[in-house]
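Working notes, beginning with the structure itself.
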Amino acid sequence: MIELSSASSNPEEKLYIYQDDEIYIKRMVDCPLSQVNQAWHEGFDDGYTKKFGVTYRFTIDQLIQRFTIETHSLEYSVVCYCKQTNRPIGFIASGVRTLKNGMVMSWNGGTAIIPEYRRKGIGKKLMRAQEQMYVEAKVDIASIEVVLQNESALNLYKEMGFADYGLFVNMNQSGAISKDLFNLAGPLKLRPRPCTPQEVGALDWYPSYVPWQTQWQSHVFGGDCIMIENQDTNEIVAYAVTKNRYDANGHVDFFSLRQTLLNPLLSLDDQQQDQILNTILFNVLKPDLTCPRNITHAPLFPALNEKIVDFAQKLGFKKFIDILCLKKSLTNKFDLGF
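Once you know that position 53 of the sequence shown is 53 in UniProt numbering, the rest is easy, because the numbers rise by one and skip nothing.
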(Lines of atoms letter the chains of each structure in order from A and count residues from 1; the text may use other names and numbers.)
(Lines give C-alpha, C1' and ligand atoms only; values in the text may rest on other atoms or scores of the structure.)
Protein backbone atom coordinates (compact mmCIF):
# COMPACT_ATOMS: atom_id res chain seq x y z
CA MET A 1 0.00 0.00 0.00
CA ILE A 2 1.35 3.42 -0.91
CA GLU A 3 1.84 5.84 1.96
CA LEU A 4 0.18 9.21 1.84
CA SER A 5 2.13 12.22 3.02
CA SER A 6 2.38 12.69 6.76
CA ALA A 7 1.50 15.83 8.66
CA SER A 8 3.94 18.69 8.09
CA SER A 9 4.45 22.29 9.08
CA ASN A 10 4.72 23.16 5.38
CA PRO A 11 1.15 24.13 4.27
CA GLU A 12 1.90 23.04 0.70
CA GLU A 13 2.58 19.48 1.82
CA LYS A 14 -1.02 19.15 2.98
CA LEU A 15 -1.89 18.93 -0.72
CA TYR A 16 0.44 15.99 -1.33
CA ILE A 17 -1.24 12.62 -1.72
CA TYR A 18 2.17 10.94 -1.81
CA GLN A 19 5.77 11.95 -1.25
CA ASP A 20 9.19 10.38 -0.78
CA ASP A 21 12.75 11.69 -0.92
CA GLU A 22 12.61 12.30 -4.68
CA ILE A 23 9.04 13.15 -5.72
CA TYR A 24 5.66 14.30 -4.54
CA ILE A 25 2.24 13.77 -6.11
CA LYS A 26 -0.76 16.10 -6.02
CA ARG A 27 -4.30 16.01 -7.31
CA MET A 28 -4.44 17.88 -10.59
CA VAL A 29 -7.13 20.18 -9.19
CA ASP A 30 -4.50 21.54 -6.78
CA CYS A 31 -1.97 22.28 -9.54
CA PRO A 32 -1.63 25.41 -11.72
CA LEU A 33 -2.95 24.76 -15.23
CA SER A 34 0.32 26.03 -16.68
CA GLN A 35 2.14 23.20 -14.88
CA VAL A 36 -0.43 20.64 -16.00
CA ASN A 37 0.04 21.79 -19.59
CA GLN A 38 3.82 21.67 -19.20
CA ALA A 39 3.68 18.08 -17.93
CA TRP A 40 1.34 17.17 -20.79
CA HIS A 41 3.65 18.64 -23.45
CA GLU A 42 6.88 17.23 -22.10
CA GLY A 43 5.42 13.86 -21.14
CA PHE A 44 4.08 13.16 -24.61
CA ASP A 45 6.68 15.07 -26.64
CA ASP A 46 8.74 12.19 -27.97
CA GLY A 47 9.24 10.26 -31.17
CA TYR A 48 6.84 7.50 -30.13
CA THR A 49 3.71 9.64 -30.36
CA LYS A 50 4.95 11.61 -33.37
CA LYS A 51 5.46 8.52 -35.51
CA PHE A 52 1.70 7.96 -35.40
CA GLY A 53 1.03 11.55 -36.44
CA VAL A 54 -0.47 12.35 -33.04
CA THR A 55 0.11 15.74 -31.46
CA TYR A 56 -0.34 16.54 -27.79
CA ARG A 57 0.69 20.18 -27.89
CA PHE A 58 -2.16 22.40 -26.74
CA THR A 59 -2.78 25.85 -25.47
CA ILE A 60 -4.24 25.89 -21.96
CA ASP A 61 -7.67 26.67 -23.43
CA GLN A 62 -7.35 23.67 -25.77
CA LEU A 63 -6.29 21.47 -22.87
CA ILE A 64 -9.36 22.52 -20.86
CA GLN A 65 -11.53 21.78 -23.89
CA ARG A 66 -9.95 18.34 -24.25
CA PHE A 67 -10.58 17.55 -20.58
CA THR A 68 -14.22 18.58 -21.01
CA ILE A 69 -14.77 16.55 -24.18
CA GLU A 70 -12.95 13.48 -22.85
CA THR A 71 -14.64 13.93 -19.43
CA HIS A 72 -11.40 13.84 -17.48
CA SER A 73 -11.70 14.89 -13.86
CA LEU A 74 -9.20 17.27 -12.28
CA GLU A 75 -10.25 15.84 -8.92
CA TYR A 76 -9.25 12.28 -9.89
CA SER A 77 -6.20 13.13 -12.02
CA VAL A 78 -2.71 13.43 -10.56
CA VAL A 79 0.56 15.25 -11.27
CA CYS A 80 4.02 14.17 -10.13
CA TYR A 81 6.76 16.69 -9.28
CA CYS A 82 10.50 16.42 -8.79
CA LYS A 83 11.08 17.35 -5.16
CA GLN A 84 14.45 19.00 -5.78
CA THR A 85 13.30 21.34 -8.59
CA ASN A 86 9.47 21.41 -8.18
CA ARG A 87 9.28 20.62 -11.88
CA PRO A 88 6.18 18.70 -13.05
CA ILE A 89 7.55 15.45 -14.47
CA GLY A 90 4.54 13.23 -15.03
CA PHE A 91 0.79 12.86 -14.72
CA ILE A 92 -2.24 10.63 -15.07
CA ALA A 93 -5.39 12.14 -16.59
CA SER A 94 -8.38 10.23 -15.28
CA GLY A 95 -12.14 10.22 -14.90
CA VAL A 96 -14.74 8.48 -12.72
CA ARG A 97 -18.40 7.89 -13.53
CA THR A 98 -21.32 5.71 -12.46
CA LEU A 99 -22.94 3.48 -15.09
CA LYS A 100 -26.63 2.57 -15.32
CA ASN A 101 -26.19 -0.72 -13.44
CA GLY A 102 -24.63 1.11 -10.50
CA MET A 103 -21.07 0.19 -11.43
CA VAL A 104 -18.53 2.91 -10.64
CA MET A 105 -15.96 2.96 -13.42
CA SER A 106 -12.69 4.84 -13.75
CA TRP A 107 -10.66 5.54 -16.86
CA ASN A 108 -6.97 6.28 -17.15
CA GLY A 109 -7.09 8.55 -20.18
CA GLY A 110 -3.40 9.32 -20.37
CA THR A 111 -0.24 8.49 -18.45
CA ALA A 112 3.02 10.22 -19.31
CA ILE A 113 6.44 10.74 -17.77
CA ILE A 114 8.94 13.16 -19.29
CA PRO A 115 11.74 11.19 -21.01
CA GLU A 116 14.62 11.85 -18.60
CA TYR A 117 12.58 10.57 -15.63
CA ARG A 118 11.39 7.33 -17.21
CA ARG A 119 12.44 3.87 -16.01
CA LYS A 120 12.81 5.18 -12.46
CA GLY A 121 9.61 3.66 -11.04
CA ILE A 122 7.67 6.93 -11.20
CA GLY A 123 4.89 5.49 -13.36
CA LYS A 124 4.31 2.78 -10.78
CA LYS A 125 4.17 5.33 -7.94
CA LEU A 126 1.69 7.44 -9.91
CA MET A 127 -0.55 4.45 -10.57
CA ARG A 128 -0.48 3.32 -6.94
CA ALA A 129 -1.45 6.79 -5.76
CA GLN A 130 -4.14 6.87 -8.44
CA GLU A 131 -5.54 3.50 -7.37
CA GLN A 132 -5.75 4.60 -3.75
CA MET A 133 -7.89 7.53 -4.91
CA TYR A 134 -10.07 5.08 -6.87
CA VAL A 135 -10.56 2.96 -3.76
CA GLU A 136 -11.61 6.04 -1.78
CA ALA A 137 -14.09 6.87 -4.59
CA LYS A 138 -15.48 3.30 -4.39
CA VAL A 139 -14.52 2.51 -7.99
CA ASP A 140 -15.53 -1.02 -9.03
CA ILE A 141 -13.73 -1.33 -12.36
CA ALA A 142 -10.60 0.58 -13.39
CA SER A 143 -10.02 0.77 -17.14
CA ILE A 144 -7.31 1.86 -19.51
CA GLU A 145 -6.37 1.59 -23.18
CA VAL A 146 -2.83 1.31 -24.51
CA VAL A 147 -1.18 1.19 -27.92
CA LEU A 148 -0.20 -2.46 -28.33
CA GLN A 149 3.30 -1.61 -29.54
CA ASN A 150 3.98 0.50 -26.41
CA GLU A 151 5.54 -2.42 -24.57
CA SER A 152 6.87 -0.44 -21.59
CA ALA A 153 3.42 1.00 -20.80
CA LEU A 154 1.70 -2.34 -21.40
CA ASN A 155 4.13 -4.13 -19.08
CA LEU A 156 3.54 -1.50 -16.39
CA TYR A 157 -0.24 -1.84 -16.58
CA LYS A 158 -0.11 -5.63 -16.44
CA GLU A 159 2.32 -5.48 -13.52
CA MET A 160 -0.25 -3.28 -11.76
CA GLY A 161 -2.88 -6.00 -12.17
CA PHE A 162 -4.68 -4.96 -15.37
CA ALA A 163 -5.87 -7.70 -17.74
CA ASP A 164 -6.57 -7.21 -21.43
CA TYR A 165 -9.81 -8.21 -23.09
CA GLY A 166 -9.14 -7.49 -26.74
CA LEU A 167 -8.25 -4.95 -29.39
CA PHE A 168 -10.39 -2.09 -30.61
CA VAL A 169 -11.43 -2.13 -34.23
CA ASN A 170 -9.48 0.95 -35.32
CA MET A 171 -9.65 1.92 -39.00
CA ASN A 172 -9.21 5.14 -40.99
CA GLN A 173 -10.35 6.37 -44.41
CA SER A 174 -10.31 9.65 -46.35
CA GLY A 175 -12.16 10.74 -49.47
CA ALA A 176 -15.61 10.29 -50.91
CA ILE A 177 -17.18 6.82 -50.81
CA SER A 178 -19.25 5.44 -53.67
CA LYS A 179 -22.89 5.13 -52.65
CA ASP A 180 -23.09 2.02 -54.83
CA LEU A 181 -21.13 0.15 -52.15
CA PHE A 182 -24.08 0.43 -49.75
CA ASN A 183 -26.95 -2.03 -50.14
CA LEU A 184 -29.89 -0.34 -48.45
CA ALA A 185 -32.52 -2.64 -49.94
CA GLY A 186 -33.87 -5.52 -47.89
CA PRO A 187 -36.88 -7.00 -46.13
CA LEU A 188 -37.22 -4.19 -43.57
CA LYS A 189 -38.58 -0.67 -43.94
CA LEU A 190 -35.98 1.31 -42.03
CA ARG A 191 -36.06 4.90 -40.87
CA PRO A 192 -32.95 6.70 -39.53
CA ARG A 193 -33.58 9.22 -36.76
CA PRO A 194 -31.03 11.59 -35.20
CA CYS A 195 -31.05 11.42 -31.42
CA THR A 196 -29.11 12.53 -28.38
CA PRO A 197 -26.51 10.44 -26.53
CA GLN A 198 -28.86 10.45 -23.54
CA GLU A 199 -31.57 8.73 -25.61
CA VAL A 200 -29.12 5.99 -26.53
CA GLY A 201 -28.12 5.53 -22.90
CA ALA A 202 -31.77 5.20 -21.86
CA LEU A 203 -32.39 2.16 -24.08
CA ASP A 204 -33.21 -0.97 -22.08
CA TRP A 205 -30.71 -2.95 -24.12
CA TYR A 206 -27.86 -0.45 -23.93
CA PRO A 207 -24.86 -2.54 -22.75
CA SER A 208 -23.93 -2.38 -19.08
CA TYR A 209 -20.24 -2.01 -19.92
CA VAL A 210 -18.31 -0.67 -22.89
CA PRO A 211 -14.94 1.14 -22.93
CA TRP A 212 -15.03 4.70 -21.61
CA GLN A 213 -14.50 6.58 -24.87
CA THR A 214 -17.29 4.66 -26.60
CA GLN A 215 -19.91 5.25 -23.87
CA TRP A 216 -22.76 7.67 -24.49
CA GLN A 217 -21.58 9.86 -21.58
CA SER A 218 -18.37 10.58 -23.50
CA HIS A 219 -20.37 12.05 -26.39
CA VAL A 220 -22.51 14.65 -24.64
CA PHE A 221 -20.01 17.23 -25.96
CA GLY A 222 -19.37 16.95 -29.70
CA GLY A 223 -21.21 13.68 -30.19
CA ASP A 224 -23.95 12.88 -32.67
CA CYS A 225 -26.12 9.78 -32.42
CA ILE A 226 -28.59 8.04 -34.67
CA MET A 227 -31.24 5.40 -34.15
CA ILE A 228 -32.57 3.09 -36.86
CA GLU A 229 -36.28 2.35 -36.54
CA ASN A 230 -38.47 -0.27 -38.15
CA GLN A 231 -41.21 1.78 -39.84
CA ASP A 232 -43.75 -1.05 -39.59
CA THR A 233 -43.34 -1.70 -35.86
CA ASN A 234 -41.70 1.54 -34.65
CA GLU A 235 -39.13 -0.63 -32.87
CA ILE A 236 -35.59 0.66 -32.54
CA VAL A 237 -33.46 -1.93 -34.31
CA ALA A 238 -30.04 -0.31 -33.88
CA TYR A 239 -28.15 2.78 -32.81
CA ALA A 240 -24.82 4.43 -33.53
CA VAL A 241 -22.72 6.82 -31.43
CA THR A 242 -20.30 9.12 -33.24
CA LYS A 243 -17.78 11.80 -32.34
CA ASN A 244 -17.63 14.64 -34.86
CA ARG A 245 -15.31 17.58 -35.32
CA TYR A 246 -16.40 20.78 -37.06
CA ASP A 247 -14.48 23.52 -38.86
CA ALA A 248 -14.91 27.28 -38.40
CA ASN A 249 -17.83 27.25 -40.84
CA GLY A 250 -19.74 24.60 -38.93
CA HIS A 251 -18.99 21.83 -41.43
CA VAL A 252 -17.90 18.35 -40.38
CA ASP A 253 -14.18 17.91 -41.09
CA PHE A 254 -13.66 14.63 -39.20
CA PHE A 255 -15.91 12.03 -37.64
CA SER A 256 -15.51 8.75 -35.85
CA LEU A 257 -17.94 5.90 -35.30
CA ARG A 258 -17.46 4.98 -31.64
CA GLN A 259 -20.21 2.47 -30.93
CA THR A 260 -23.02 0.75 -32.76
CA LEU A 261 -25.25 -2.10 -31.69
CA LEU A 262 -28.13 -4.03 -33.19
CA ASN A 263 -31.05 -4.65 -30.84
CA PRO A 264 -30.24 -8.00 -29.14
CA LEU A 265 -33.88 -8.41 -28.07
CA LEU A 266 -34.95 -8.91 -31.69
CA SER A 267 -34.52 -12.05 -33.75
CA LEU A 268 -32.74 -10.68 -36.82
CA ASP A 269 -31.55 -12.97 -39.61
CA ASP A 270 -28.34 -12.32 -41.55
CA GLN A 271 -30.11 -10.46 -44.35
CA GLN A 272 -31.84 -8.13 -41.89
CA GLN A 273 -28.61 -7.54 -39.97
CA ASP A 274 -26.74 -6.68 -43.17
CA GLN A 275 -29.47 -4.25 -44.23
CA ILE A 276 -29.44 -2.54 -40.84
CA LEU A 277 -25.64 -2.29 -40.80
CA ASN A 278 -25.60 -0.84 -44.32
CA THR A 279 -28.20 1.72 -43.27
CA ILE A 280 -26.25 2.71 -40.15
CA LEU A 281 -22.93 3.12 -41.95
CA PHE A 282 -24.49 4.99 -44.87
CA ASN A 283 -26.01 7.55 -42.51
CA VAL A 284 -23.01 7.78 -40.19
CA LEU A 285 -20.15 7.82 -42.71
CA LYS A 286 -21.73 10.43 -45.03
CA PRO A 287 -20.26 9.05 -48.29
CA ASP A 288 -20.46 12.39 -50.16
CA LEU A 289 -17.95 14.05 -47.84
CA THR A 290 -14.21 13.90 -48.46
CA CYS A 291 -13.05 14.48 -44.88
CA PRO A 292 -11.16 11.85 -42.83
CA ARG A 293 -13.21 9.12 -41.15
CA ASN A 294 -12.44 6.73 -38.32
CA ILE A 295 -14.07 3.64 -36.89
CA THR A 296 -13.12 2.82 -33.28
CA HIS A 297 -15.24 -0.07 -32.04
CA ALA A 298 -14.98 -2.03 -28.79
CA PRO A 299 -13.90 -5.69 -28.81
CA LEU A 300 -17.01 -6.81 -26.90
CA PHE A 301 -19.11 -7.66 -29.95
CA PRO A 302 -16.97 -10.04 -32.06
CA ALA A 303 -19.64 -11.13 -34.55
CA LEU A 304 -20.73 -7.54 -35.23
CA ASN A 305 -17.12 -6.36 -35.38
CA GLU A 306 -16.34 -8.96 -38.03
CA LYS A 307 -19.17 -7.61 -40.17
CA ILE A 308 -18.04 -4.01 -39.58
CA VAL A 309 -14.42 -4.77 -40.51
CA ASP A 310 -15.39 -6.67 -43.67
CA PHE A 311 -17.69 -3.88 -44.82
CA ALA A 312 -15.28 -1.09 -43.85
CA GLN A 313 -12.52 -2.69 -45.90
CA LYS A 314 -14.81 -2.67 -48.95
CA LEU A 315 -15.33 1.06 -48.33
CA GLY A 316 -11.58 1.69 -48.36
CA PHE A 317 -10.87 1.77 -44.62
CA LYS A 318 -7.39 0.72 -43.52
CA LYS A 319 -6.23 -0.59 -40.16
CA PHE A 320 -4.67 2.12 -37.97
CA ILE A 321 -3.07 1.82 -34.52
CA ASP A 322 -3.61 -1.36 -32.48
CA ILE A 323 -5.25 -0.24 -29.23
CA LEU A 324 -5.63 -2.79 -26.45
CA CYS A 325 -8.40 -2.55 -23.84
CA LEU A 326 -7.54 -3.40 -20.23
CA LYS A 327 -9.50 -3.56 -16.98
CA LYS A 328 -8.96 -4.26 -13.29
CA SER A 329 -11.61 -5.17 -10.75
CA LEU A 330 -11.22 -3.29 -7.47
CA THR A 331 -14.28 -4.58 -5.59
CA ASN A 332 -15.32 -7.91 -7.21
CA LYS A 333 -18.94 -6.67 -7.11
CA PHE A 334 -19.46 -7.00 -10.86
CA ASP A 335 -18.72 -9.93 -13.15
CA LEU A 336 -18.30 -8.50 -16.63
CA GLY A 337 -18.22 -11.95 -18.18
CA PHE A 338 -14.99 -11.40 -20.09
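From the three backbone atoms N, C-alpha and C, an ideal C-beta is built for every residue, glycine too.
Contacting residues, own chain, Cβ-Cβ under 8 Å from S6 (five flanking each side not counted): Low per-residue confidence applies at S6: pLDDT is 49, beneath 50, and the placement is therefore not dependable, though the value from the model is reported in the following sentence. Excluding residues within five positions, none has a Cβ falling inside 8 Å.
CB-CB length for K14 against Y165, believed under 8 Å: Not quite, the Cβ-Cβ distance comes to about 39 Å (not below 8 Å), so this is no contact.
What number of angstroms, rounded off, separates the C-alpha of T279 from the C-alpha of L148? 32 Å
Same chain only: Cβ atoms within 7 Å of Y246, ignoring 5 sequence neighbours per side: V252, D253
According to DSSP, is M160 helix, strand or coil? coil
Can you pull the DSSP bridge partners for L262? A238
Status (buried if at least 16 other CB within 10 Å, exposed otherwise) for Y18: buried
Do the region 293-313 and the region 192-199 touch if we need at least three Cβ pairs shorter than 8 Å? no
Element boundaries [beta strand (DSSP E), containing E229]: 223-230
Would you mind sorting W216 into buried or exposed? The rule is 16 or more other CB atoms within 10 Å of its CB. buried
For T331, which residues from the same chain have a beta carbon less than 6 Å from its beta carbon, with the 5 sequence-adjacent residues on both sides left out? D140
Which whole runs of the alpha helix (DSSP H) in the region 102-174 are 4 residues long or more, in chain order? 122-136, 151-159
Do the region 98-109 and the region 55-65 make contact, defined as three or more Cβ pairs closer than 8 Å? no
Our contact map puts Y239 next to L266 with C-beta atoms below 8 Å; I'd like the distance itself, whole angstroms only. Not confirmed; about 13 Å, so no contact.
Within 10 angstroms of its Cβ, does W205 collect 16 or more other Cβ (buried), or is it exposed? exposed
Give the secondary structure of E22 by DSSP, where H, G and I count as helix, E and B as strand, and everything else as coil. coil
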